[in-house]
Structures are given as structure tokens and as C-alpha cells.
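J.: Chains as they are written, first to last, in UniProt numbering: chain A, 1 to 499; chain B, 1 to 804.
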Amino acid sequence: MVAARITVNGKETPLSPSAPHVTALDFLRDRGLTGSKEGCAEGECGACSIMVARPGTDKPTDWVPINACLVPAAALDGQEVVTSEGLATAGEAGAPPELHPVQREMAMRGGSQCGYCTPGFVCSMAAEYYRPGRCAHAQPDGEDVQGDEPAVDGEHGPNGFDLHALSGNLCRCTGYRPIRDAAFAVGAPEEDDPLARRREQAPPEPVATEYARDGSAFLRPAGLPEALRLLRERPEAVVVAGSTDWGVEVNIRARRAECVVAIDRLPEMREMRVEADHVEIGAALTLTEIERRLEGTVDGSVPLLAKLFPQFASRLIRNGATLGGNLGTGSPIGDSPPVLLALEASLVLSDADGERVVPLAEYFTGYRQSVRRPDELIRAVRIPLPLSPVTAFHKIAKRRFDDISSVAVAVALEIEDGVVRRARIGLGGVAATPIRALAAEAALEGERWTAATVESAAEILGSQGTPMSDHRASAEYRAAMLGQSLRKLYAQTNEAVPS
Amino acid sequence: MSHLSQRPDAPVVGVSMPHESAALHVTGAALYTDDLVHRTKDVLHAYPVQVMKAHGRVTALDTEPALAVPGVVRVLTAADVPGENDAGMKHDEPLFPEEVMFHGHAVAWVIGESLEAARLGAAAVGVEIDELPALVTLADAIAADSYHGAKPLMETGDAAAGFAESAHVFTGEFEFAGQEHFYLETHAALAQVDENGQVFVQSSTQHPSETQEIVSHVLGVPAHEVTVQCLRMGGGFGGKEMQPHGFAAVAALGAKLTGRPVRFRLNRTQDLTMSGKRHGFHATWRIGFDTDGRIQALEATLTADGGWSLDLSEPVLARALCHIDNTYWIPNARVAGRIARTHTVSNTAFRGFGGPQGMLVIEDILGRCAPRLGLDATELRERNLYRPGLGQTTPYGQPVTQAERITAVWEQVKENAGVADRRREIAAFNAAHPHTKRALAVTGVKFGISFNLTAFNQGGALVLIYKDGSVLINHGGTEMGQGLHTKMLQVAATTLGIPLERVRLAPTRTDKVPNTSATAASSGTDLNGGAIKNACEQLRERLLQVAGSQLGANASDVRITGGVARALGRDTELAWSDLVRTAYFQRVQLSASGYYRTEGLHWDAKTFRGTPFKYFAIGAAVAEVEVDGFTGAYRLRRVDIVHDVGDSISPLIDIGQVEGGFVQGAGWLTLEELRWDTGDGPNRGRLLTQAASTYKLPSFSEMPEEFNVALLENATEEGAVYGSKAVGEPPLMLAFCVREALREAAAAFGPAGVGVDLASPATPEAVYWAVESARSAHDEGRAPSRVGLADDGLPSGTGALSSA
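1. For VAL145 (chain A) and ASN384 (chain B), what's the separation of their Cα atoms in angstroms?
2. So with CB distances below 9 Å, who are the chain B contacts of VAL122 (chain A)?
3. Taking only three categories from DSSP, how would you classify residue 834 (chain B)?
4. Taking any Cβ of chain A, which residues in the region 669 to 681 of chain B have a Cβ under 8 Å from it, in chain order?
5. Bridge partners for TRP285 (chain B) per DSSP, in chain order?
6. Less than 7 Å between C-beta atoms, sequence neighbours within five positions excluded: which residues of the same chain meet that for THR631 (chain B)?
7. In terms of alpha-carbon separation, which member of B:GLU599, B:VAL756 and B:GLN296 lies closest to GLY157 (chain B)?
8. Starting from THR763 (chain B), find everything on chain A with Cβ-Cβ shorter than 9 Å and list it in chain order.
9. If we define contact as Cβ-Cβ less than 7 Å, is ASP148 (chain A) a contact residue for chain B?
10. Relative to the C-alpha of LYS37 (chain A), which candidate in A:GLN369, A:ALA47 and A:ILE415 has its C-alpha closest?
11. Give the single residue among B:PRO730, B:VAL738 and B:PRO731 whose Cα lies nearest to the Cα of GLU702 (chain B).
12. Does GLU382 (chain B) come out as helix, strand or coil in the three-state DSSP assignment?
13. Alpha carbon to alpha carbon, how far is GLU441 (chain A) from VAL8 (chain A)? Give it in angstroms, no decimals.
14. Figure out for me which residue from A:SER388, A:GLY366 and A:GLU236 has the closest Cα to the Cα of THR433 (chain A).
15. Along the chain, where does the beta strand (DSSP E) that runs through HIS602 (chain B) open and close?
16. Tell me, to the nearest whole angstrom, how far the beta carbon of GLU541 (chain B) is from that of ARG638 (chain B); I am working on the premise that it is less than 8 Å.
17. Please classify ALA567 (chain B): does DSSP put it in a helix, a strand, or coil?
18. In the DSSP assignment, what residue or residues form a beta bridge with PRO65 (chain A)?
19. Would you kindly check if the distance between the Cβ of TYR615 (chain B) and the Cβ of ILE406 (chain B) is under 7 Å?
20. For HIS435 (chain B), I'd like the list of residues in its chain whose CB is within less than 8 Å of its CB, leaving aside the five on either flank, ordered along the chain.
21. Using the Cα positions of VAL787 (chain B) and ALA762 (chain B), report the straight-line distance between them to the nearest angstrom.
22. Give every residue of the same chain whose Cβ lies closer than 6 Å to the Cβ of ARG351 (chain B), excluding the five residues on either side of it in the sequence, and list them in chain order.
23. Give me the Cα-Cα distance between MET359 (chain B) and GLY126 (chain B), rounded to the nearest whole angstrom.
24. Is there contact here, the region 471 to 479 of chain B with the region 190 to 197 of chain B, by at least three beta-carbon pairs under 8 Å?
25. Under 8 Å Cβ-Cβ, which residues of chain B neighbour MET108 (chain A)?
26. Could you compute how far the alpha carbon of ASP791 (chain B) sits from the alpha carbon of MET468 (chain A)?
27. Which chain B residues are close to THR118 (chain A), counting only those with a beta carbon under 7 Å from its beta carbon?
28. At a cut-off of 6 Å, is HIS471 (chain A) close to the ligand FAD when judged by its beta-carbon and the heavy atoms of the ligand?
29. What first and last residue would you give for the beta strand (DSSP E) that runs through ASP644 (chain B)?
30. Check whether the Cβ of PHE393 (chain A) lies closer than 7 Å to any Cβ atom in chain B.
31. Evaluate contact between the region 147 to 163 of chain B and the region 108 to 128 of chain B, counting only Cβ atoms and requiring at least three cross-stretch pairs below 8 Å.
32. Excluding sequence positions up to five away, which residues of its chain have a Cβ less than 6 Å from the Cβ of GLU271 (chain A)?
33. Just verifying my parser: in three-state terms, what is the DSSP assignment at GLU128 (chain B)?
34. Run the CB neighbour count on GLN201 (chain A), radius 10 Å, all protein chains shown included, and call it buried at 16 or more, exposed below.
35. Mind checking whether PRO338 (chain A) and ALA408 (chain A) have CB atoms under 7 Å apart?
36. Does THR561 (chain B) come out as helix, strand or coil in the three-state DSSP assignment?
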């Protein structure tokens, strides 16, 4: 086995002597690449953002920005990483480096004040700069600057730039306007741009990794059978995909594991298939990958998921997070369970002996507990077809970008001739586990879709679960928001006729 | 025009340019204090031993288990302090305390070969305490009569007579939250000791001289044995004005005792749980209006949550009192202030320094009273604006100069924003949308510039010209992103008459410029710019003598512009580098220290009267919001600002300050929520929002969808360097219009003319309850007298509003 190493800004850098739990951020900083910063250590601020070469959607390779503070450096064994230091082109001896187009726009437009968040912003912005789906909208760099053209809307620039690409980056100084202007002003990469060209080649293959030091180990098995055998041998192992949850445990709660097993690159868990009666989504696909692949296939379109993703954490998190992880942690405030409950999804659980299929409604057993055994992996999520046509996802939080739900409500309805034939409602944040609102569903089914029906169902919905008061919201507000979500959906379905 | 404000021909000041470090920021090359660790050999790491109880006496501190942890080098305790065991200017902040005064108070620090070793060592230290009752909330402290520091009283006119003449008198109560600075770079320092025992501390500090002072008194050495340097900060916002000192002293003590470099950097959890924040306030008030809605009298008591030690609470409270008038003339007032002592972190400076709190009280009063008076809130505000030419003074007796600018920015921003037309559009929108309401509001700012404490209003600089004509400047101010260094380079280039590229700036160090004031109170440019200008003028005068003799002219007829000296009316030129070389060979001194003191200030803290401020920074803003009636969620649709920065020294920088300050203010007022465990359980006093995931800063989704900022034109300020005005803090307070627009949008769900109370911060939940109260007025057929915030666990912040 080749000694673990990461290609950083084109230079092979051995992982040793970092401990297996050391984050990519500390790995970089310990080697003098101090551009990436720690602002929060939990994937909220994006000051640590770096770009990683990953399998692409439209081209062989995408430059994908992730939170370096959450990912163990060992998880990047064999991978290619670019930091803010690697974006500028070194100048002649003694001369300043030539700035990357993204860096130039940020610098000239006042996009940096204290500068601490800036390298992270630059990496997130550069990744969006190289996104093939964006480049089609942009003029080549060096042509007329387009920052003064009207934006398509507040969140999309005339150059195709999706502001959600920066939803995982916080700035405390600028108020964001100059950063938005910079984002909406960048053109398309020039033809000889080395990072643009890199997209045309295959990404680095996942590397089977066994990185062990001082009694702890980071392991990346090559295939699913090997991974399942490993979990049977070492039931105490911590399973990680994007490490967006485990990274927080390591940083904030100082947890250390003897054995971490990475499953995010297992090919068996990275497939998406649209069958006649269901869609199967690999549990190790990142949320971004699911989002982009669903966008690309009309048949596979799941509108309720499309409503979920922009509200699910940030782009940086979605680039690492997986459905398997969101369900595996069993958190009662995860954003995907209410949606998947409303979609009546099932989970395919694999162990070394085979597979079983468990309806999501029967999966959670208690606070952060589920029927999944330690030697089992969630291999895939199945969503039955056809989908209910009327859907809504209401996430109640303080912030529209990148916040944790105080309450989340997902609704999927079939309404035929004005009568609700089928109602499925998933709730998060109101109990120890995500739950189905069965009583409210029953109050809707078979009834006419009228204000009176909605009002009585909303009353029932408001009494479901046992919401608590905490720093995010009061119990009263949480309860009120349950009923309001149904009333709001009703108003939206009747929008044409304001009452 | 004053000498101070006058600009020469072709000045470099006034030119829009990016931040001097912008290229370093975007490439990641800019160095912050903790980045130096990776460039320094043999660094040891310090980690705090935090006690997770809000109050108690330490009965035992067992450091032995920590020393057994591999890699632990030493545990620092009170016994190690050679000087004074205190980290505060008020001598009420033991560095290694015997009494735990807030949840997370550090009682010892562990030094380790690695951060991991120091962390494990800190976890191994055994601390036993006798728990004592803890006052966690302002209400707790008020009930227990727990106060510290001064209790100022500000009086003007005759309040009793004013109320007697009032047609309407209202009373009310208002409690509102503080704010976490959340600079992206947490507190950090790196201390080294040289061969002679001299201590060199690199610290992320807004006040290097005071950091030096505390380090020297903790170490028990004179100030000349300690040098403090600040390369730059990753944000400060006041949070690094006084709070860095004790942390730096720990690193310095560790370096002294081990002989090796010692570094600390608080992680975010530590920074949030150990460092002070903006003061939350409680206010009770009584206000009288005449029949036209003009304020006749105001009585109020403001109680600031000072936390466990005084820190800067006294001057913060003083500034709060001095800003309760904001832009409004209050002829008769009696306003008392006091500082609650609670068992929480010691609250400290934060952009605005009490000013925002004082102003929020009056803006909240006007927003609540307007419907009671049957007036539109903007109309009520307009009727009460200070008017020029009437000799109006503030409640502390300072004449309101430039009152005409208060109305000028107000009218201009209304015009820029198209307020009249948009009001009609909003009314039409609201009539057509039962579940969504829009509203706009206009508010203004008048913010006094200068430290209330007169002695702080001085600045120093050191300017060096080398034989090749290159110039190096040093000044006492620190760079935290506000662009001070950019402006100082522009000031130096302007005064010397040379291109900007000729001037470089060296990091802020106490051995270059001594006895500096904090870079605070928005005064950085005024004070340090004045000092740099002064130093450069000394040098320029010397060089003009040299140039005069070279050019065969009287020195007073020589001008240096664009790096070339010319005599008036002649063609001969003398290049800057030749001039400098000539001066060197003529043995003319090519370095100068500059000094500036703000003239015309006086302040009597006892009578609470005087002229503490050199001038006022003025601005006005209009915000339009849209509120979802189902959830209380809202969007900030558009913001227009007209702000007075005098004649801008650096427009790109100033606009950045205006926008950034505004969004930070909007964060304080609408989103950011500090919540403590106020229950009686084992975690009483614990900060619940101690992470970025729970304490939410404004993100892209909170920036105004349309954001128009204009600087007031032809706005020369005679009393400041090159005619400019301070800009750091004032724009934060422009954000009151967001809160007031939310109040009006919530009210729009109720019957016309209904008034609503709104908690601060006005989170979606708070707005939802305001919407509900407005709606309930439909049902009840009357305006509600109070908002139905159901229980004490909810963000309070509102109270009874009753007509007396």
C-alpha cells in the first residue's frame, strides 16, 4: 500500500505524522498553508473551505468545495485539493502572484475587510466559477465585466452564478453586497485555465486507506462486502461518509474513535436508479449529487426533494453530507426524514449476510436510535412511485440559508375531484424521533380539500408530537407552526383567488 | 476651512481604492496571530481549565493529574503570578480566580507540547468548588439589587414641568438582548521571550498599549520590558478592546516560566463562553407628548447587564445615556443608569458602545407610541427631529451642531428610496395579500464622535523617510478590517505629496508608538490620521526648506505634488527621491513622530454634562420588509441609506463600513440571540447558544435584496482630518429601520392603527407573536395593550404600554 498522501495545490504531501483524527484543516495549517482558517470548527462559517477534485456530473471531474474543518485529512488520501494559496498563479521572482479571476473580483470590489473569511469564500466561489452548468451563462473572462447587468433574481447572477454556492460561508464585516457583486461579475474560465482543464480528466480514484497511528485508525475499505465484514469485526467503529456530523463530534465534543470507517466512495452505495415503481438513491451519494442527478432526469424528478435541498444546511455541507448519514445519525431534527416520511420511503439495510428493507416509518426507535444494528449499513433509500402531486416542505428556522430546523413539516397529498385521497405528513423537531402525523393524515383523507377541512386538520396537526422549548424556539411556536404549515399549503394551492 | 480639514491639490485621500491587504486576503497570504504559530519553532500551547458552574468558591485545585498527562509541560495557577493577579483595568478581574463568577470561568491554564496534550491536561485538572447562588438574568440582578460601578444621572430642563404640560403620557418597559461579536478570528496570542528577558507578545488586540500594560503588571515588570504587536485582526468590533489582555498575559506568563514561545487561541466554544458581549439592557420609561406629538419630557432608567466584572460597562452606560435622544430633541429629561452585576461573562465594548442601546430605547418608544397618538411613525419621528437654528442642545448640554444635516439626510433618503410612491404600492400589495404584508420605515442616526473620557482622545504616529525616498509609517491604530491602514497610507501620501506606492505601513507595535488609545469609538482615522498628518507635515516643512534652496525659491512657494517639488510659477522640477537624498546629505532629520489631540472637548462625568463629542456622525435609512403571516418569517426587500462620512477619505472603504455596520445592526435587532440556561438545574448560567450552529449570524439570505448606499455630498467636517468623519460605528444604528418596518408589517395584519410590541431580537418567532397580537385586535375590536408572550422562557423584551 502506498503511504497515505494528498495532492495539495499540485504537490504530493504525506499525511504522516498527523494523527488519524486530524482534520484536513489542521493538516493544511500544520504544513504552513494557513490561508484556510478555523472560524467555528463545525461547518457553519466556511472559513476553512477548500476545493476537492470529485467525480463530476457534467464533466469527468468537478471542483467541489467542502469544509476542511470537518473532514479527517486521512479521508482525502490519494485525492487532489486546492486551497486559496493554490488559486493564484505565482509571479516572476519577487513579483506578486497573479490573482485568480475570483480573487481579483473579490479584492477589487471590497469583498474582503478583515480578510479572515476571505480564503474560504474564494474557494467556494471558485468552485461555482468552474461549475459547468454555470459557465454556459458566462462570458469569457477578460471580456466586458458584467457586474452591472441586472441579476436574474437576488440569488442568481447574470453569469449563471448561484448564490447558494456561498450559503455555507459567513462574513461578519461586509454585509455581503460586495461579495455578491464579485460573484455575479466573474466570467467563464479561459481555455488554458489549468483547473478548468483538469475537469476534462478523470478524478482521482478512491484509495483503499489504512492509516493507523498511536492506537487509532482511519480505514477506507475498497468495496461494500469488505466494509460490511469490517463492521462485523469492529462493531465499535464509527462510520463516516462526508464526516459532516462526526467532524463536529471530534472538534466540539473532543470525541476520538479508535476506528473510523469511511464508506462514502463505495460504488455499491453510489448508484441512482429509477425503476417502474420506485426510485432508489444510493445512501453514499452526496446531497449535491442527488440534487444534480435528479435535475438531469425528468423521470427521476422528486419535487419534494427538490424543495428540501436548497434548505438543507449549506452547499458546503451538501457536498459532503449523504442521506445515509442524515438517517444514520437518527437526529430528530434532520431535514431529510420528514420529507422521506411523507414520501413513504424505505431503507435498504445491508449486512455481511444480505439485505433487508425497512419502511422509514418503522426505522426510528428513540432519540438518535434506530433498528439499524452496528454491523449494518444503510445502502440505499427507496422512494415509491408514483409520487403524490401536491407537496410542500416547510422548514421553520431563524435563517433561510444554512440553519437548523426548529420544526420541519413535509406534506404529500393526492387530491382528486376536490377530495383528499391520500395524505402523508412527516414531522421533525416535535418529538424524540421524526414522526408521521397520522391523526392529521386521517383528518384529511376522504375529506374535501376546503378551508374547513384544513382548519380542523391543522388543529389536530398542532397537537401532534410533544414539542419542547429551547434556544431555537418555544414549544408554543413549534406547535403553532405545525398547523400553520397546512394552512399555508392550502393558501398556496388556492393562491389564484385571494380570500 | 480649517487647516486640519483642508485638502491639497490632487490628494490621494478621497480616491476609491481596495483594502491595502486585499491581495493578501484573497490569496490566503495575510497573516493573523495564530498563523504565526506555524512559522515559529518549539511553540507550546495553552488551554484553559474552565469550571462549568455559574458561581462558586474554589476549594481545591489539583494540578497533579494534568502533569501526568504525556506532553503537559506546566499548569499555570495564581501561585505562578509574579506581579498582580488581575487582568482588568478596574482591578476586579482576577486572572486566576478563587471564585468562579460565570459558567465557563477559567481558573487555571495548562501548557502542553501540543494542543491535544494541553486539552487532555486541562480535562485532568481537578477543581472542587462550593457552589453559590447565581444571578443569571437582568431580572435576577434587579430583584437582588445587585449593581456595580457608577450610577449616572442625566438631567436637562424640568421633567416634572414637562409632564405637567404634556397632553399624552405613556409608560412602558423594554428589555432587549445583547450581541456576540463573532469576529471570525477568535482571541489569540503568541508570546516569546528574548535573551534578555524582554517579552514580545503578538496579540489579536484593538488596544496594544493596554495589553502591554496588563501583561507588565501581571508579570511585575515595567512596561518597557513588554512589547505588544498586532499584525491585523480577523474582526474586532469592540470585542478585542479590553478582553484580549488577560489572555495575552497568560501566554506571556507561560513564555516567561518555560522560556519557550507560548500560544493560545480560543476555539469558538471557548470564545463564546469566556469573552464578553454587547450589553443587554432593561429600560423603564415614561414619556410625555404635546397635542402635536412633540416630546415634552422623558424619564427613564436604563439598566445594563454588566456581567461579573466592570470592564468597560461604565463608559458603555454613559454612552447609552448620551444617545437616548438619538436624532430627537427632548427638552426635559431625567435619565438614570445603573450596571447590573450578574454571574455571566463580563460584557464589553461592541460597535456603538452603548449608543445603540440608548437609541433603541427611544426608537422603540416612538414605534410603540405612534399608533397611540394616532400618528404614522415616520411622521412622529419627523416632528421630533432636532431643528437647526434653534440652539437645541442634547440632554447632556452639548449644542447640536449640523442639525441641518439630520433633516438633510432624512429628506434625501426618502427621496432616493421613493418613499411616497412605495407607500402607495405597499398599501395596494397589502390590500391584495391577506397572508403577506409589507411595510417600510425610516429611522435616523446621530452618533457622538470622541471617547467620552477626554484623555483617550489623543493619537501618535512615527513616520520614517529612507534615503531612497521610500516612506514607512507607523501609527497607534490597529487594523481589524475597517480599512484604517488603507486610510492612513492615503493620508501620508496626501500630506507628503507623493504617490501611494511610495508609502508602506508597518504593523502596530507598542515600541514604535507608545501610550496609544484603543482603536475604538470610531476614532481610529481621526486620531491616528491627525497624528500621521502632523508627522508628515513636520517632514514636509523640512523638505520644503531643502527644495526651496534647490529650486531657488522661498520654501513657502514650493509645492510637492505627485512626488515632484515645484516652485510656484516656475518650470524647474525636483523629484522626490532627489529631494530626499539631498536632504540626507544636508543632514536634515528624515523621521518624525506625530501627535494629535482632539480640541474643544470637556466632560464632567459627575454632573453628566459637557461637550464630550467633537462632532456628530449623521445618517438615515429606509427599509422595506415582507412578513409571512403564517410563520413570522420575513425578507428584507430593500434598504436605502444616506450617510454622512464628511468628505470621504476612502469611499470604497467607507461604503463597506456603512453596509457592514448596517447588516451587523440588523443581525442584532432581528436574528442573533444569546440564550442562557436560566433554570435551576445543574447547568444554570450556561450559554445555550455557544456555537455558530445555534448563534446565527446574518448570512447571504439576510442581506437586503436591494441595497443602495449614498454618502452625503459636500459634507466637509472642519474638525477632523482632511474633512472626513468617523464611520466605524454609526451605520450599525441605521438598522433600527428594519425593526420598525417589521413592527409595521406585523401591525398590518391587524385593524388600521393598531399598535404592536415587538421583542428584540425580532426573530421570526417574535414577529409571529406580534402578528398574532395584531390579528387578535381584529377579534377583540380594540388595540391590544400588551403582546401575549406566553411564558418567561420566551424572548421577553416587551412589557406593558399604558397611557397614564
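We put the beta carbon where it would ideally sit given N, CA and C, even for glycine.
T.: Looking at the coordinates:
1. Here the model assigns VAL145 (chain A) a pLDDT of 46, short of 50, so the residue's position is not dependable and the matter cannot be decided.
2. HIS25, VAL26, THR27 and GLY28
3. Because residue 834 (chain B) is not part of the residues shown, which for chain B are 1 to 804, the question remains open.
4. LEU671, GLU673 and ARG675
5. B:GLY172 and B:ALA300
6. PRO764 and TYR768
7. B:GLN296
8. LYS398 and ALA473
9. Confidence in ASP148 (chain A) is poor, its pLDDT being 47 and thus under 50, which makes the residue's placement too unreliable to answer from.
10. A:ALA47
11. B:VAL738
12. helix
13. 53 Å
14. A:GLY366
15. 602 to 604
16. 51 Å between Cβ atoms; not a contact.
17. strand
18. A:MET51
19. no
20. ASP628, GLY629 and PHE630
21. A caution first: VAL787 (chain B) carries a pLDDT of 34, below 50, which makes its placement in the model too unreliable to give a value.
22. PHE237, GLY238, GLU729 and LEU732
23. 46 Å
24. no
25. PRO18 and ALA22
26. Only weak support is given to the placement of ASP791 (chain B): the predicted model assigns it a pLDDT of 28, under 50, and the value that follows is read from those uncertain coordinates. In a straight line, the C-alpha of ASP791 (chain B) is about 13 Å away from that of MET468 (chain A).
27. HIS25 and VAL26
28. Among the components of this structure there are no ligands whatsoever, and the ligand FAD is therefore not found.
29. 634 to 644
30. no
31. no
32. GLY282
33. strand
34. exposed
35. yes
36. strand
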